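Asker: If you use this note's numbering, the sequence shown corresponds to residues 11 to 136, in order.
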Amino acid sequence: AQMALASFVAGCALLRNRQRPSLDWAPTRPGVRFARIVLYTRRGCHLCDDARRLLERYRRWLPAVEAVDIDEHPELTTLYGECVPVVEFDGRERFRGRVNEMLLRRLIEGTPAARADSVTGADRRE
């Protein structure tokens, strides 16, 4: 019974670590990527809240996130329905339903820093 309990606790710790990669990560090149990030959300959406928190953790390399509640825009409600959050980087949809942190890191790593004139001084976090 003790062995089973120890295995269960170790498994939970591994899952928690796998779902929350270390915040010690940094891309190989400094700078803010992208000029605009839009997060399409709905009221009461816990996945939307999770996406906002995750994007905020990477704010050093991302511009301020613009949140849009699709319930206030009938055309967006029709387009996305229940499939939120949706995250667009510079007008291109990158995530739908859930933001994968490892894919977010790859996107940040693989994108050159935005030009200085495309990101306002208030948004720069280098």
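Note that the Cβ used here is the ideal one computed from N, Cα and C, for glycine as well. What you are looking at is a predicted structure, and each value in this text was computed from that prediction instead of being measured.
Using 8 Å as the cut-off, can you tell me whether the segment 12-22 makes contact with the segment 94-108, which would need three or more C-beta pairs spanning the two stretches below that distance?
Answerer: With the cut-off at 8 Å, the segment 12-22 and the segment 94-108 do not touch.
Asker: Would you grab the beta carbon distance between Ala81 and Arg46 for me? Rounded to a whole angstrom, and I think it's under 8 Å.
Answerer: Start at 1 with the first residue of the sequence shown, and residue 81 comes out as number 71. Start at 1 with the first residue of the sequence shown, and residue 46 comes out as number 36. Rather than Ala, the amino acid found at residue 81 in this sequence is Asp. With a Cβ gap of about 21 Å, Asp81 and Arg46 do not count as contacting.
Asker: Whole angstroms is fine: what's the gap from Glu66's alpha carbon to Ala14's?
Answerer: Indexing the sequence shown from 1 puts residue 66 at position 56. Indexing the sequence shown from 1 puts residue 14 at position 4. Their backbone Cα atoms lie some 38 Å apart in a straight line.
Asker: With a cut-off of 8 Å, do at least 3 Cβ pairs link the segment 107-116 to the segment 87-98?
Answerer: Yes: the two stretches touch, three or more of their Cβ pairs being nearer than 8 Å.
Asker: Pull up the DSSP beta-bridge partners for Tyr50, would you.
Answerer: Counted from its first residue, the sequence shown places residue 50 at position 40. BP columns for Tyr50 point to Val78, Val96.
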